[in-house]
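Chemist: One structure follows; several queries about it will come next.
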Amino acid sequence: MNNGTYAIELQNLNCYYETFRAVKDVNLQVKRNRITAFIGPSGCGKSTVLRAINRMNDLIPGARVEGQVLFKGQNLYDPAVDPVEVRRRIGMVFQKPNPFPKSIYENVAWGARINGFKGNMDELVEQSLREAALWDEVKDKLHQSGLSLSGGQQQRLCIARAIAIRPEIILMDEPASALDPIATLKIEDLMRELVKNYTIIIVTHNMQQAARVSDYTAFFMMDRADRAGMLVEFNETGKIFTNPTDRRTEDYITGRFG
Amino acid sequence: MNRVSTFPQESQLRRLLARRKRIGWLWQVVFLLATILVVLSLIVLLYNIVVGAFGYVIVQDKVSPQEIVQTYTDTPEAALHTLSADQYRFILEQNLSKGLLRRLNSEAPLTERSREELYRLVVERVVKPRVVQSYSLVDSIFERDKIFAEAAALPHSRVEFRRWLNLDFLTGKQASVPELAGVRTALLGSLWVIAITVVVALPLGVAAAIYLEEYAAVVANPWLRRLNAVIQTNINNLAGVPSIIYGILGLAIFVRGLEAFTSGAAFGATADGATANGRTIMSAGLTLALLILPIIIINAQEAIRAVPQSLRQASMGLGATRWQTIWHHVLPSALPGILTGTILSVSRALGETAPLVVVGASTFITIDPDGPFSKFTTLTIQIYQWTARPQDEFRNIAAAAIIVLLVLLLTLNAAAILLRNRYSRRLV
Chain A
1 MNNGTYAIEL QNLNCYYETF RAVKDVNLQV KRNRITAFIG PSGCGKSTVL RAINRMNDLI
61 PGARVEGQVL FKGQNLYDPA VDPVEVRRRI GMVFQKPNPF PKSIYENVAW GARINGFKGN
121 MDELVEQSLR EAALWDEVKD KLHQSGLSLS GGQQQRLCIA RAIAIRPEII LMDEPASALD
181 PIATLKIEDL MRELVKNYTI IIVTHNMQQA ARVSDYTAFF MMDRADRAGM LVEFNETGKI
241 FTNPTDRRTE DYITGRFG
Chain B
1001 MNRVSTFPQE SQLRRLLARR KRIGWLWQVV FLLATILVVL SLIVLLYNIV VGAFGYVIVQ
1061 DKVSPQEIVQ TYTDTPEAAL HTLSADQYRF ILEQNLSKGL LRRLNSEAPL TERSREELYR
1121 LVVERVVKPR VVQSYSLVDS IFERDKIFAE AAALPHSRVE FRRWLNLDFL TGKQASVPEL
1181 AGVRTALLGS LWVIAITVVV ALPLGVAAAI YLEEYAAVVA NPWLRRLNAV IQTNINNLAG
1241 VPSIIYGILG LAIFVRGLEA FTSGAAFGAT ADGATANGRT IMSAGLTLAL LILPIIIINA
1301 QEAIRAVPQS LRQASMGLGA TRWQTIWHHV LPSALPGILT GTILSVSRAL GETAPLVVVG
1361 ASTFITIDPD GPFSKFTTLT IQIYQWTARP QDEFRNIAAA AIIVLLVLLL TLNAAAILLR
1421 NRYSRRLV
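Those protein sequence lines, which keep their order, are chains A and B.
Take the first sequence: its letter number 12 is residue 12 in the working numbering, and every next letter is one higher.
Take the second sequence: its letter number 291 is residue 1291 in the working numbering, and every next letter is one higher.
Right under this line is the structure:
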């Protein structure tokens, strides 16, 4: 079964840390080749949902997921699915730039190499760096350490590293929150460029950023009663920001709380 | 309620500030004094060792060399050290008791010994130069005239400035007289033991640390988690167990229990009757490995824990397996820290005496260790033995041996630090 329009479907997703339910009953469909933004106040579970999509939550002891994450009709939490395989197809960019303490070249090439890439590595590295809009800045110093770059460059290096293994979806967990406004803008431009080839899901605290870059927006909030995060509203970004149907969404985006 | 008024007035504030600064200054002085005290005690330690290792001695021969040459050869003008092997053998046969000759012959027949060896024997057994009095470096400098006057009063004696730490001392074998004793056997023994310790403890310790930090830490099963916590607690406690306990453990397990293995019998390595028990370098090395294993594990765990979680996430997020993450990212980043821990624990192992006494280090041995299944002694054992002797001269060579041990420690540490710095530079 290959559902053409959706890259990811979340069905009754519940996330637990030990016995605490951090996220409850999320149902969401992420469209292919679109940018979907997750917004909401701190502790609302949006990062947890994001990490559930490529099974990064598995790495946290005591974390557990119930419900389904459908990727091409396949439930990623099926026992037959290997999380390593999932992460290879659904890449991730983190909040703080975290290049490997290796050369710029090696940062991009490493993921491809361990995943058995047999083609021309130089070409792949150049192409990935070009796609991440970093090539012109680093082409003369490919063998310097990735840590010698500025924060914004490091984050684009991380994006180049993620796309070098040709994932289908890229998850970004507040990718610009540690960067200055100019570097942020570059990352946002880059995302608009990348979405032509990839599906992007981004978690952000910055509502203007969500409004600027995303096609769809999901608003999450913590339920006061059981402190579990839940999906309040999910719609096209324009609708969410101009004409939200839920009162809580409106309160949040107009700055009345959060 | 006026919150501001609860703060002191300006004049009072200044007084308070002066007091706070005074208290700070007082503590600074305390810290400085502590540092000075530490440095002073180090200086005293070094002073003691150096003063003991160098100084004047009065040497008295039992029989003067010239007298021997005149009595036993037909070339009365020759110097003792120029004679031939046969002449030395003749002198030995004329002067030593039958029992002693038999013993020497059974160690290695006199006819097969080299000329130098025979000369050494003649000096040691016939000339018998004895240090009748030794002086510390300080006495040697300030009471020089008195020392020379004392020497002049004794027949066939002379004053020598003795550097107890010299090349002969480094390359000489153990001997019953301090002037002829050397640390070669002990030095080689120490190096062999420490080599086995590192070879065993480092991979085992790092492997255990990787398991505890990277695998055990993420298991979900609560029973397994509890088991891991118990293991962790026990490792931490083991690091504090007195070393002599490890000696007893080593005696029971390696020397007695695994005798076939530690004596080398299982490999057909054992040759003579003397080594046909478990009191070998192998036993000592394994015992010390047990001793430093908890320290290596704890240090390696710290180093692995210090590797940022973001690095692991970056790697796993690219579809790397846990093993690839560990091998390519965690271990290289943790290596400098692991090496630091290893340096510390190797230094500790090198300085251990008690467990080796229990495991059965030889106290008097003149044969170089030639493999993991030899009998052995170490520098620390040697120092311990020498300091326990009543004669002053043994204390001099003990001081010299301490210098050898310290230099060995510093060399090993420096090598490891260089290695570490080189590695961590390559990472960033």
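No residue lacks a Cβ here, since even glycine has one placed at the ideal position from N, Cα and C.
#1: What span of residues does the beta strand (DSSP E) with A:C15 cover, start to end?
#2: Kindly indicate which residue of B:A1239, B:A1265, B:F1267, B:N1277 has the alpha-carbon position closest to the one of B:R1256.
#3: Between B:Q1301 and B:L1212, how many whole angstroms is the CB-CB distance? I'm expecting something under 8 Å.
#4: Of all the CB atoms in chain B, is at least one closer than 8 Å to the CB of A:P101?
#5: From A:V93 to A:R248, what does the alpha carbon distance come to, in whole angstroms?
#6: Which residues share a DSSP beta bridge with A:N235?
#7: Measure the beta-carbon distance from B:I1381 to B:A1361 and round it to whole angstroms, keeping in mind my assumption that it falls under 8 Å.
#8: What is the rounded straight-line gap between the Cα of B:S1310 and the Cα of A:R130?
#9: Compare the C-beta of A:P181 against all C-beta atoms of chain B and say whether one is closer than 8 Å.
#10: Give the secondary structure of B:T1262 by DSSP, where H, G and I count as helix, E and B as strand, and everything else as coil.
#11: Can you give the Cα-Cα distance for B:G1273 and B:A1108, rounded to whole angstroms?
#12: Near B:Q1009, which residues of its chain fall below 7 Å by C-beta distance, leaving aside the five closest residues on each side in sequence?
#13: Run through chain B and tell me which residues come within less than 7 Å of A:I165, C-beta to C-beta.
#14: Just to confirm, are A:G229 and A:A22 a CB contact at a threshold of 8 Å?
#15: Going along the chain, which residues of its own chain have a beta-carbon closer than 7 Å to the beta-carbon of B:N1237, five neighbours each way excluded?
#16: Helix, strand or coil for B:K1128 per DSSP?
#17: Considering Cα atoms alone, identify which of A:V84, A:L59, A:V65 is closest to A:P167.
#18: In whole angstroms, what is the alpha-carbon distance linking B:A1260 and B:A1289?
#19: Alpha carbons only, please: which of A:D25, A:T19, A:Q11 is nearest the one belonging to A:D223?
#20: Are the C-beta of B:V1428 and some C-beta of chain A separated by less than 8 Å?
#21: Would you say B:A1398 reaches chain A, if we count a Cβ-Cβ gap shorter than 8 Å as a contact?
#22: List, in order along the chain, the chain A residues whose C-beta lies closer than 9 Å to that of B:Q1313?
#23: Quick check for students: name the residue ranges of the alpha helix (DSSP H) that lie wholly in the segment 1103-1164 of chain B, counting only runs of 4 or more.
#24: Can you name, in chain order, every residue of its own chain whose Cβ lies under 6 Å from the Cβ of B:E1124, other than the five neighbours on each side?
#25: Please list, in chain order, the chain B residues whose beta carbon lies closer than 8 Å to that of A:R21.
#26: Any Cβ of chain A within less than 8 Å of the Cβ of B:V1218?
#27: Use the C-beta contact count for B:V1330: other C-beta atoms within 10 angstroms, 16 or more gives buried, fewer gives exposed.
#28: Beta-carbon within less than 7 Å of B:L1293's beta-carbon, same chain only, minus the 5 sequence neighbours each way: which residues are those?
#29: To the nearest whole angstrom, what separates the beta carbons of B:L1187 and B:A1400, a pair I think is in contact under 8 Å?
#30: Would you mind telling me which residues of chain A sit closer than 8 Å to B:Q1324, beta carbon to beta carbon, in chain order?
#31: Under 8 Å between C-beta atoms, does A:D251 make it to chain B?
#32: Mark A:R51 as exposed unless 16 or more other C-beta atoms lie within 10 angstroms of its C-beta, in which case mark it buried.
#33: Flag this pair as yes or no: are the beta carbons of A:M221 and A:I200 separated by less than 8 Å?
#34: For a cutoff of 8 Å on Cβ pairs, would you count A:R156 as touching chain B?
#35: Near B:S1283, what residues of its chain come up, given a Cβ to Cβ distance below 7 Å and the 5 sequence neighbours on each side ignored?
#36: Pick helix, strand or coil for A:Y105, following the three-state DSSP scheme.
Modeler: Looking at the coordinates:
#1: Annotation for A:C15: the continuous beta strand (DSSP E) segment containing it runs 6-17.
#2: Residue B:N1277 is the option with its Cα nearest to B:R1256.
#3: Between B:L1212 and B:Q1301 the Cβ distance is about 6 Å, and since that is below 8 Å, they are a contact.
#4: Taking Cβ atoms only, chain B reaches closer than 8 Å to A:P101, which makes this a yes.
#5: Rounded to the nearest angstrom, the two C-alpha atoms are 29 Å apart.
#6: Among the bridge pairs identified by DSSP, A:N235 is matched with A:T217.
#7: The Cβ separation is near 4 Å, so the contact holds.
#8: Cα-Cα distance, rounded: 25 Å.
#9: Judged by the 8 Å Cβ criterion, A:P181 is not in contact with chain B.
#10: B:T1262 sits in a helix when the DSSP states are folded into three classes.
#11: Reliability of the predicted coordinates at B:G1273 is poor, the pLDDT of 47 falling under 50, and no value is obtained from them.
#12: The answer is none, since no qualifying residue turns up.
#13: Near A:I165 (Cβ distances below 7 Å), the residues of chain B are L1318, G1319.
#14: Yes, these two residues count as a Cβ contact at 8 Å.
#15: In its chain, beyond the 5 residues on either side, no residue has a beta carbon closer than 7 Å to the beta carbon of B:N1237.
#16: In the three-state reduction of the DSSP assignment, B:K1128 falls in the coil class, being assigned neither a helical nor a strand state.
#17: Here the closest residue by C-alpha is A:V84.
#18: Approximately 19 Å between the Cα atoms of the pair.
#19: The option with the nearest alpha carbon to A:D223 is A:D25.
#20: Here the model assigns B:V1428 a pLDDT of 48, short of 50, so the residue's position is not dependable, and the following value carries that caveat. With 8 Å as the cut-off, B:V1428 counts as an interface residue toward chain A.
#21: Closer than 8 Å to the CB of B:A1398 there is not a single CB belonging to chain A.
#22: The answer, in chain order, is M56, L59, M92, F94, N98.
#23: Listed in chain order, the complete alpha helix (DSSP H) runs (minimum 4 residues) inside the segment 1103-1164 of chain B are 1115-1122, 1137-1142, 1144-1152.
#24: Sequence-distant partners of B:E1124 (beyond 5 residues in either direction) whose C-beta falls short of 6 Å from its own C-beta, in its chain, are L1180.
#25: In chain order: nothing, as chain B lies at least about 17 Å away.
#26: Yes, B:V1218 lies at the interface with chain A (some Cβ there is under 8 Å from its Cβ).
#27: B:V1330 is classed as buried because its beta carbon has at least 16 other beta carbons within 10 Å across all chains shown.
#28: Here the set comprises A1201, L1204, G1205.
#29: Actually they do not touch by this definition, with Cβ atoms about 12 Å apart.
#30: By Cβ distance, chain A contributes I114.
#31: Contact with chain B is absent for A:D251, since none of that chain's Cβ atoms lies less than 8 Å from the residue's Cβ.
#32: It is buried - the Cβ of A:R51 has at least 16 other Cβ atoms within 10 Å.
#33: Remark: C-beta atoms of A:M221 and A:I200 do not approach each other more closely than 8 Å.
#34: Chain B contact via Cβ: absent.
#35: These residues qualify, in order along the chain: G1250, F1254, V1255, T1262, V1359.
#36: Looking at A:Y105 - three-state DSSP - the assignment turns out to be helix.
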